[in-house]
Amino acid sequence: MQLKKRGFIRSGGIYYGWIIVAVGLVSMAFWTGIRSSFSVFYVALLEEFPWNRGESAGVQSLALLSYTVLAPLVGGLIDRFGPRRVIVPGVLILSLGLILCSSIENLIQFYIFYGLIAGAGITCIAIVSYSAILAHWFEKERGLASGIAVSGMGLGTFLLVPLSQYLISLWGFRTTFVFSGVLVLIVLLPLNGIFLRHKPQELGLHPDILEASVPSEKGPPAPRLDRRQGTEKSISLMTPDWTLKKAVRTGRFWLLVLFPFLAFLGLFIIHVHNVKFLVDQGVDKMTAAYIYAMIGVVSSVFRIFWGWLSDRIWRETTYTFGMLCICFGISSLLLMEITGLKTLTYPFFIFFGMGWGATAPLFMAIAADLFKGKGFGLIYGIVEGGIGVAGALGAWIAGFLFDKTQSYQSAFLLAIFAVLLSGVLAWLAAPRKVRV
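Residues 855 to 1290 (the working numbering) are what the sequence shown spells out, left to right.
1) For the alpha helix (DSSP H) containing His1127, list its first residue and its last residue.
2) Rounded to whole angstroms, what is the Cα-Cα separation between Leu1039 and Phe1182?
3) Do Phe1113 and Leu924 have their C-beta atoms within less than 8 Å of each other?
4) Under a three-way DSSP split, which group does Gly1253 fall into?
5) Quick one: grab the DSSP three-state call for Tyr965.
6) Leaving out five residues before and five after His1127 in sequence, what residues of the same chain have Cβ atoms less than 6 Å from its Cβ?
7) Return yes when the Cβ of Ala980 is within less than 8 Å of the Cβ of Gly875, no when it is not.
8) Might you give, ordered along the chain, the residues of its own chain that have their beta carbon closer than 6 Å to the beta carbon of Gly936, omitting 5 neighbours on each side?
9) List the endpoints of the continuous alpha helix (DSSP H) containing Cys1179.
10) Could you spell out the range, first to last residue, of the alpha helix (DSSP H) harbouring Tyr1200?
11) Below 8 Å, can you find three or more Cβ-Cβ pairs linking the stretch 1016-1031 to the stretch 1242-1257?
12) If Ile873 sits next to Gly1001, beta carbons under 8 Å apart, how far is it from one beta carbon to the other, in whole angstroms?
13) When the distance is taken between beta carbons, is Val1137 closer than 8 Å to Lys1099?
14) Comparing alpha-carbon positions, which option in Val1129, Arg1169 and Ile1233 lies nearest Thr1199?
15) Beta-carbon within less than 8 Å of Pro943's beta-carbon, same chain only, minus the 5 sequence neighbours each way: which residues are those?
16) Compare the Cα-Cα distances from Leu1295 to each of Gly1229, Ile947 and Asn906 and report the closest residue.
17) Relative to the alpha-carbon of Phe892, which residue among Ala1117, Val877, Gly867 and Leu918 has its alpha-carbon at the smallest distance?
18) Following the continuous alpha helix (DSSP H) through Thr1029, name the residue where it begins and the one where it ends.
19) Does any heavy atom of the ligand FMN sit closer than 7 Å to the C-beta of Leu1112?
20) Compute the Euclidean distance between the alpha carbons of Arg1081 and Arg1028, then round it to the nearest angstrom.
21) Grab the span of the alpha helix (DSSP H) containing Pro1215 for me, first residue to last.
22) Are the beta-carbon atoms of Gly1229 and Trp1096 separated by less than 8 Å?
23) Taking Cβ to Cβ, would you say Tyr984 is nearer than 8 Å to Ser910?
24) Less than 8 Å between the CB atoms is what I'm expecting for Gly1269 and Gly1161, so what's the real figure, rounded?
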């Protein structure tokens, strides 16, 4: 077969779906690494300009609102046109936005260059894009594949947050923005342009199956064996034909939107403000950046673990364990503010990283369990749009509460409450009842 001659598929080789996973891993490393690096740029900008915390954190909120508006559009466009026609232009827009940030002189420019332009571009390399692709490539190992792909989120935080802080200390924030924009361009443009494929059928494959389907002279390829039930079913029979119109009529769809919303409301209270909080507690800037980076390391390992575990036990059970870990991590920050003990940074980054690792792979896997079909990209785009609103609200409300109270305690308590409620709603969505 011609595809085998080209080296895309070979006997004893790797399933091409794992190459898609690798592309997603690197791309999402940049997505979360750039977004998380806002926390160290935030400190530098507050020192450079006379902005208060609420209005400057609002730039990240605008970027997340851009994500909110565009995530459903990106998912829908990928469903219709394929990923390369969406992701490649997004890489160019993101690079442009970051480079323009090097020229900011006032808050309005920062809102436009980072909040709107970079915010639009980053949506195209976000989880919504690769969820819309990976849902087609994997069924049996969906949780593991999702976990490996989104482990890039933690890797990006680990690499780009301390690198950004180091370069800001060395060159200043302006040159660091230029460096970030160029790095995005030279890594992500060829990677996504060359290797992305939307569905396994483009290479003559089926989900989870290594070899290409070669039609015989006697008829079409044999139907796929469903290894979970030991019966033969065609792909079309195994996959419900979910569309957005059908999904919105179910209660599970709204629970799917709401439980990630609540999780990210709590998470972004911490993500945007944790470095500044640690600096306020007497931790030096570089150490605070490394602590945040360690959250990324821990989360990368646990994204794979939680994804693997969720393929073997109920997904909602796995997700609940993760949410409890987040609560333990945030509680460590509360105790640090009360006691002044800097050693509490250790349980903070360990538990918060563990819990953060449960979010993305479980969001992806649960969504695909419930609503995989021809409209999945749009459906998951709406879920990610809700996450964008939650992140924007969390980033802003923590700054607002600090400006009012000169403390992060009320914001951290709100984060714990939101994360716990998210775990409850995941049980009500009940993916265990629909998984085969």
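Ideal placement from N, C-alpha and C gives every residue a C-beta, glycine not left out.
With the structure as the only source:
1) Within the sequence shown, numbered from 1, the residue matching residue 1127 stands at position 273. Its alpha helix (DSSP H) spans residues Gly1105 to Asp1134.
2) As a working note, residue 1039 is residue 185 in the sequence shown. As a working note, residue 1182 is residue 328 in the sequence shown. Distance between the alpha carbons of Leu1039 and Phe1182: 38 Å.
3) As a working mapping, residue 1113 is identified with position 259 in the sequence shown. As a working mapping, residue 924 is identified with position 70 in the sequence shown. Taking 8 Å as the Cβ cut-off, Phe1113 and Leu924 do not qualify as a contacting pair.
4) To locate residue 1253, count along the sequence shown from 1; it is residue 399. Helix, per DSSP.
5) Residue mapping note: residue 965 aligns to position 111 of the sequence shown, counting from 1. Here Tyr965 sits in helix by DSSP.
6) Taking the first residue of the sequence shown as position 1, residue 1127 is located at position 273. Hits under 6 Å: Ala1252.
7) Numbered from its first residue, the sequence shown carries residue 875 at position 21. Numbered from its first residue, the sequence shown carries residue 980 at position 126. First, the amino acid is wrong: residue 875 is Val here, not Gly. No, the pair does not count as a contact, with Cβ atoms beyond the cut-off.
8) Here residue 936 is taken as the residue at index 82 of the sequence shown, counted from 1. His1052, listed in sequence order.
9) The count along the sequence shown starts at 1 and reaches residue 1179 at position 325. Where Cys1179 is concerned, the enclosing alpha helix (DSSP H) stretches over Arg1169 to Thr1193.
10) Locating residue 1200 in the sequence shown gives position 346, where the first residue counts as 1. Residues Thr1199 to Trp1210.
11) no
12) Stepping through the sequence shown from its first residue, residue 873 is reached at position 19. Stepping through the sequence shown from its first residue, residue 1001 is reached at position 147. No, Ile873 and Gly1001 are not in contact; Cβ-Cβ is about 17 Å, not under 8 Å.
13) What you label residue 1099 is simply residue 245 of the sequence shown in a count that begins at 1. What you label residue 1137 is simply residue 283 of the sequence shown in a count that begins at 1. Cβ atoms of Lys1099 and Val1137: not closer than 8 Å.
14) Translated into positions along the sequence shown, residue 1199 becomes position 345. Ranking the options by Cα distance to Thr1199, first place goes to Val1129.
15) The residue labelled residue 943 in the question sits at position 89 within the sequence shown. Here the set comprises Cys978.
16) Since the first residue of the chain shown is 855 and the last is 1290, residue 1295 is not available in this structure.
17) For the purposes of this step, residue 892 is taken as residue 38 along the sequence shown, with counting starting at 1. Comparing Cα positions, the closest option is Leu918.
18) Looking up residue 1029 in the sequence shown gives position 175. First-last of the alpha helix (DSSP H) with Thr1029: Phe1027 to Phe1049.
19) In the structure shown, the ligand FMN is absent, as is every other ligand, since no ligand is present at all.
20) By one-based count along the sequence shown, residue 1081 stands at place 227. By one-based count along the sequence shown, residue 1028 stands at place 174. Confidence at Arg1081 is low in this model, with a pLDDT of 39, below 50, so the placement of that residue is unreliable and no value is reported for it.
21) Your numbering for residue 1215 matches position 361 in the sequence shown. From DSSP, the alpha helix (DSSP H) with Pro1215 extends over Thr1213 to Phe1225.
22) Counting from 1 along the sequence shown, the entry for residue 1229 is found at position 375. Counting from 1 along the sequence shown, the entry for residue 1096 is found at position 242. Yes; because the gap between Cβ atoms is below 8 Å, this pair is in contact.
23) Along the sequence shown, read from residue 1 onward, the residue named residue 984 stands at position 130. Along the sequence shown, read from residue 1 onward, the residue named residue 910 stands at position 56. It is not a contact, given that the beta carbons lie outside the stated cut-off.
24) Within the sequence shown, numbered from 1, the residue matching residue 1269 stands at position 415. Within the sequence shown, numbered from 1, the residue matching residue 1161 stands at position 307. Residue 1269 is actually Ala in this sequence, not Gly. Not a contact, Cβ separation roughly 24 Å.
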